[in-house]
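Novice: Here the protein sequences line up with chains A and B, keeping their order. Every number in the working numbering is 36 more than the matching position in the first sequence, counting from 1. Every number in the working numbering is 36 more than the matching position in the second sequence, counting from 1. Where is the CB? At the ideal position from N, CA and C, for every residue including glycine.
There are 2 protein chains.
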Amino acid sequence: MKIICNKSELLDGVNTVLKAVPVRTTLPILQCIFIDTTEGFIKMTANDMELGIETVVEGDVIDKGKVALDAKLFSEIVRKLPDSEVVIESDDSFKTLIKCEKARFNIAGRSGDDFVMLPEIGRDKYIRISQYALKEVIRQTIFSTSDSESNHLMSGVLFEIEEDHMRVVALDGQRIAIRRLTLKESYDKEKIIVPGKALNEISKILDGDMEKEVTIYFESQHVLFAFDQTIVLSRLIEGEYFQIDRMISNDYNTKIAINKKELQSCIERAALLIRESERKPLIVNITDQSLAMMIQSAIGSMNEDIDIEKEGKDIMIGFNPRFVLDVLRVVDDETINIYLVNPRSPFIIRNDDGFYLYLILPISFNM
Amino acid sequence: MKIICNKSELLDGVNTVLKAVPVRTTLPILQCIFIDTTEGFIKMTANDMELGIETVVEGDVIDKGKVALDAKLFSEIVRKLPDSEVVIESDDSFKTLIKCEKARFNIAGRSGDDFVMLPEIGRDKYIRISQYALKEVIRQTIFSTSDSESNHLMSGVLFEIEEDHMRVVALDGQRIAIRRLTLKESYDKEKIIVPGKALNEISKILDGDMEKEVTIYFESQHVLFAFDQTIVLSRLIEGEYFQIDRMISNDYNTKIAINKKELQSCIERAALLIRESERKPLIVNITDQSLAMMIQSAIGSMNEDIDIEKEGKDIMIGFNPRFVLDVLRVVDDETINIYLVNPRSPFIIRNDDGFYLYLILPISFNM
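(1) What do you reckon, are the CB atoms on B/GLY101 and B/MET37 nearer than 7 Å?
(2) Between which two residues does the beta strand (DSSP E) carrying A/MET329 extend?
(3) Between B/PHE141 and chain A, is there a C-beta pair that is closer than 7 Å?
(4) Does the pairing of the segment 294-308 of chain A with the segment 102-118 of chain B give three or more beta-carbon distances under 8 Å?
(5) Is the separation between the beta-carbon of B/PRO58 and that of B/ASP84 shorter than 7 Å?
(6) Find the residues of chain A that neighbour B/ALA144, judging by a C-beta separation of less than 9 Å, and give them in chain order.
(7) Apart from the five residues just before and just after B/VAL97, which ones in its own chain have a Cβ nearer than 7 Å to its Cβ?
(8) Just to confirm the assignment, what range does the alpha helix (DSSP H) spanning B/VAL53 have?
(9) With DSSP run on the structure shown, which of helix, strand or coil describes A/MET190?
(10) Scan the segment 117-179 of chain A and note each continuous beta strand (DSSP E) run of 3 residues or more that stays entirely inside, going in chain order.
(11) For B/VAL377, report the span of its alpha helix (DSSP H) as first-last.
(12) Using the Cα positions of A/ILE351 and B/GLU125, report the straight-line distance between them to the nearest angstrom.
(13) Does DSSP put B/VAL57 in a helix, in a strand, or in coil?
(14) Which residues of chain A have a Cβ atom closer than 8 Å to the Cβ of B/ILE113, listed in chain order?
(15) Examine the Cβ distances between the segment 224-235 of chain A and the segment 187-199 of chain A and report whether three or more of them are shorter than 8 Å.
(16) Where B/ASP319 and B/THR290 are concerned, what is the direct C-alpha to C-alpha distance, given to the nearest angstrom?
(17) At what residues does the beta strand (DSSP E) containing B/PHE355 begin and finish?
(18) For A/ASN321 and chain B, any beta-carbon pair shorter than 7 Å?
(19) How far does the alpha helix (DSSP H) with B/GLU304 in it reach, from first residue to last?
(20) Would you mind stating whether A/PHE355 and A/ILE399 have Cβ atoms separated by less than 7 Å?
(21) How about the segment 368-384 of chain B and the segment 162-173 of chain B: do they share at least three Cβ pairs that are nearer than 8 Å?
(22) Compare the Cα-Cα distances from A/GLU94 to each of A/MET246, A/CYS136, A/VAL50, A/ILE214 and report the closest residue.
(23) Which one of B/ILE280, B/ILE238, B/LYS43 has the shortest CA to CA distance from B/LEU194?
(24) Is the beta carbon of B/THR91 less than 7 Å from the beta carbon of B/THR251?
(25) Output needed in chain order: residues of the segment 87-121 of chain B with a Cβ under 8 Å from some Cβ in chain A.
(26) In whole angstroms, what is the alpha-carbon distance linking B/ALA139 and A/ILE384?
(27) What span of residues does the beta strand (DSSP E) with B/GLU345 cover, start to end?
(28) Give the secondary structure of A/ARG311 by DSSP, where H, G and I count as helix, E and B as strand, and everything else as coil.
(29) State whether the segment 255-263 of chain B contacts the segment 146-160 of chain B, with contact taken as three or more CB pairs (one from each stretch) at a distance under 8 Å.
(30) Scan the segment 192-236 of chain B and note each continuous alpha helix (DSSP H) run of 4 residues or more that stays entirely inside, going in chain order.
(31) Alpha carbon to alpha carbon, how far is A/THR371 from A/LEU361? Give it in angstroms, no decimals.
Here's what the structure looks like:
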């Protein structure tokens, strides 16, 4: 095999597939990047069996062939090469020469015959969405997934498509994050649960361009994200997702409108007095025209009032500051609406047109 | 005590003294920042017994007094306050109220009677230097100090003053770093050894302005750096520093001139093939017009040629790539000169006017 390509194109390709190289594996070949040029273009693949990434690097194929190169070493070498033309040449025993200007590296390669290639995915069922929208929607929901092994479904994010609507949902037993999007086209009804880990890696590769699109193909067990010169393949999480709609009620006894930045800064300040290990709630007292934050801990005490607009009853409620901060970080509105029922029922942060809805369970407290 | 000051001024002051707050200490009071306003201005002090920092914060003293506040908590609170006017008020039992806009924090303070104040330093002996020059000279030498406990002198940096010359030296047993500066004024002959750790913290506080000055005062056991509204006090390392001049010879058998960037990139690439644990040298073969880098390891092999200008004998020599990279990072010249004697003797990177000299011991190797 012999290829010639530009260092920066090569590095982009390597960095892209690198995200699917496992840190630890029982199958050493998976710690390689597999380069396949038999089809006349430079295709690189990495696969950790949960997530697989394939990308095409711009360049010339001089001799067709295949080689698997240790991902860590290969990526480090590419990174340190001068910004110039790179020649990669493997012989029959997979010894590989990497040349760039005057630098010449010789490293051992492998045949890659035992490399686990990505399965073929049917291209019948798909949706299209902008890279920007996908990247945003991942960021706006993924923090509500849970790593815990107790319920596998909680580690995934639900994508629900119906006509030109997409609903994206994540929940971890103490909170729910829901985002709605309008798609450009209409599609058949579909539900898939994508592992949060895969989405996390995908969102790192997506460049977030509004003009560029991602096509998401899905089968019963796999999902494939195709964009630019890259495809990312992930297993789906199997099972029936939670009945979200039953968990959410539109009833409330109190509705407040509050400045998002003020609330965020105030919670950040109050959280200083809570040690992570204590798991103490933050308590707020909502009365007419003001939300009073009060915290008293072994470290000290703090209080602060924020002006609000309120409808309905007064209420005093406790919550995990981190859960609310997670939501405030991904909501862009200057003023947000919070809907509360009572100190033991979930409260909801949502906008009127239903494009986002975040539900958080309160924490009980003794005064 | 009651003071009013601006949040950003307060934060600058806190961040400055924070560098002298010990992470661990047997004297808990030292984990506080001591605020003293008895002289009519806001003075903050922190002291870990090796390093002491005192700074004055712009602001109004309403009631004179003193209080010691837990440094971690106090700094976190100040950091999270709105960008506005801050009122700090301590009562007779040192309970402290921190107010800023609508936020009110109450934390426990301490009298600070047991706080270890910085000793008075005589102001007779001193030199003046620009903040920029001091910051630079620290960066350019400090990497050659050694943390090892075996020789305390190696953990310090020597400042040698004679008339309007200053020589700054650091060495760790395998290399020497020397920088020379011209001062604006002439001073009496003086030698001090300042702990590397103190210099490291000082260089973080110095803003590196060419127009601003630092005055360095010294006594037999202490050195004091005074700049802006801040003083930093450090113990000196006692003892007789190494006879540097005996270690350095101007004789050489080979002199090469080489492009610094090319050498740096080439060594960085070659170093990829050496595992930190192996401690293998990089080997270069210097012949007429070229320096050939060759490396062969368990990981792979690499070679690269760099054009040079050479005087004297051909030579093949091995060295620790990190030691040479450390030097190349702090030398600004486009082309550098390297002087070599033989494969077992130290080689020297220096410029003609003697403003920098770096000596490195080679590593023996078998071909």
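Specialist: Based on what the coordinates show:
(1) Numbered from 1 along the second sequence, position 65 holds the residue referred to as residue 101 of chain B. Numbered from 1 along the second sequence, position 1 holds the residue referred to as residue 37 of chain B. Cβ atoms of B/GLY101 and B/MET37: closer than 7 Å.
(2) Taking the first sequence and counting its residues from 1, the one referred to as residue 329 of chain A is at position 293. 326-332 is the span of the beta strand (DSSP E), which, as asked, contains A/MET329.
(3) On the second sequence, residue 141 of chain B is found 105 positions in, with the first residue counted as 1. By this cut-off, B/PHE141 is an interface position.
(4) yes
(5) In the second sequence, residue 58 of chain B corresponds to position 22, counting from 1. In the second sequence, residue 84 of chain B corresponds to position 48, counting from 1. Closer than 7 Å, so yes.
(6) Locating residue 144 of chain B in the second sequence gives position 108, counting from the first residue. Under the 9 Å cutoff, chain A gives ILE335, GLY336.
(7) As a working note, residue 97 of chain B is residue 61 in the second sequence. Closer than 7 Å at the Cβ level, and outside the excluded window around B/VAL97, lie ILE39, THR73, GLY76, PHE77, ILE78.
(8) By one-based count along the second sequence, residue 53 of chain B stands at place 17. Its alpha helix (DSSP H) spans residues 43-54.
(9) Counted from its first residue, the first sequence places residue 190 of chain A at position 154. Three-state result, A/MET190: helix.
(10) 121-126, 131-136, 139-144, 162-166
(11) Mapped onto the second sequence, residue 377 of chain B falls at position 341. Careful: B/VAL377 lies outside any alpha helix (DSSP H) and carries neither H nor E.
(12) For the purposes of this step, residue 351 of chain A is taken as the residue at position 315 of the first sequence. For the purposes of this step, residue 125 of chain B is taken as the residue at position 89 of the second sequence. Taking the straight line from one Cα to the other gives about 32 Å.
(13) As a first step, residue 57 of chain B must be located in the second sequence, where it is residue number 21. In this structure, B/VAL57 counts as coil in the three-state DSSP scheme.
(14) Walking along the second sequence from the start, residue 113 of chain B turns up at place 77. By Cβ distance, chain A contributes ARG305, LEU308.
(15) yes
(16) Along the second sequence, read from residue 1 onward, the residue named residue 319 of chain B stands at position 283. Along the second sequence, read from residue 1 onward, the residue named residue 290 of chain B stands at position 254. Reading the sequence as shown, one finds Ile at residue 319 of chain B and not Asp. Going by the C-alpha atoms only, they are around 16 Å apart.
(17) Within the second sequence, the letter at position 319 stands for residue 355 of chain B. Run containing B/PHE355: 351-355, per the beta strand (DSSP E) assignment.
(18) Here residue 321 of chain A is taken as the residue at index 285 of the first sequence, counted from 1. Not closer than 7 Å to any Cβ of chain B, the Cβ of A/ASN321 fails to qualify, so no.
(19) If you number the second sequence from 1, residue 304 of chain B lands on position 268. First-last of the alpha helix (DSSP H) with B/GLU304: 296-307.
(20) Start at 1 with the first residue of the first sequence, and residue 355 of chain A comes out as number 319. Start at 1 with the first residue of the first sequence, and residue 399 of chain A comes out as number 363. Closer than 7 Å, so yes.
(21) no
(22) Translated into positions along the first sequence, residue 94 of chain A becomes position 58. Cα-wise, what sits closest to A/GLU94 is A/VAL50.
(23) Taking the first residue of the second sequence as position 1, residue 194 of chain B is located at position 158. For B/LEU194, the nearest C-alpha among the options comes from B/ILE280.
(24) As a first step, residue 91 of chain B is located in the second sequence; it is residue number 55 there, counting from the start. As a first step, residue 251 of chain B is located in the second sequence; it is residue number 215 there, counting from the start. Not a contact, by the Cβ cut-off of 7 Å.
(25) LEU109, GLU112, ILE113, LYS116, LEU117, PRO118
(26) In the second sequence, the residue the question calls residue 139 of chain B occupies position 103. In the first sequence, the residue the question calls residue 384 of chain A occupies position 348. Cα-Cα distance, rounded: 25 Å.
(27) Here residue 345 of chain B is taken as the residue at index 309 of the second sequence, counted from 1. Looking at the DSSP string, the run of the beta strand (DSSP E) that includes B/GLU345 is 336-348.
(28) As a first step, residue 311 of chain A is located in the first sequence; it is residue number 275 there, counting from the start. It is coil, neither helix nor strand.
(29) yes
(30) none
(31) As a working mapping, residue 361 of chain A is identified with position 325 in the first sequence. As a working mapping, residue 371 of chain A is identified with position 335 in the first sequence. Between A/LEU361 and A/THR371, the C-alpha separation is close to 15 Å.
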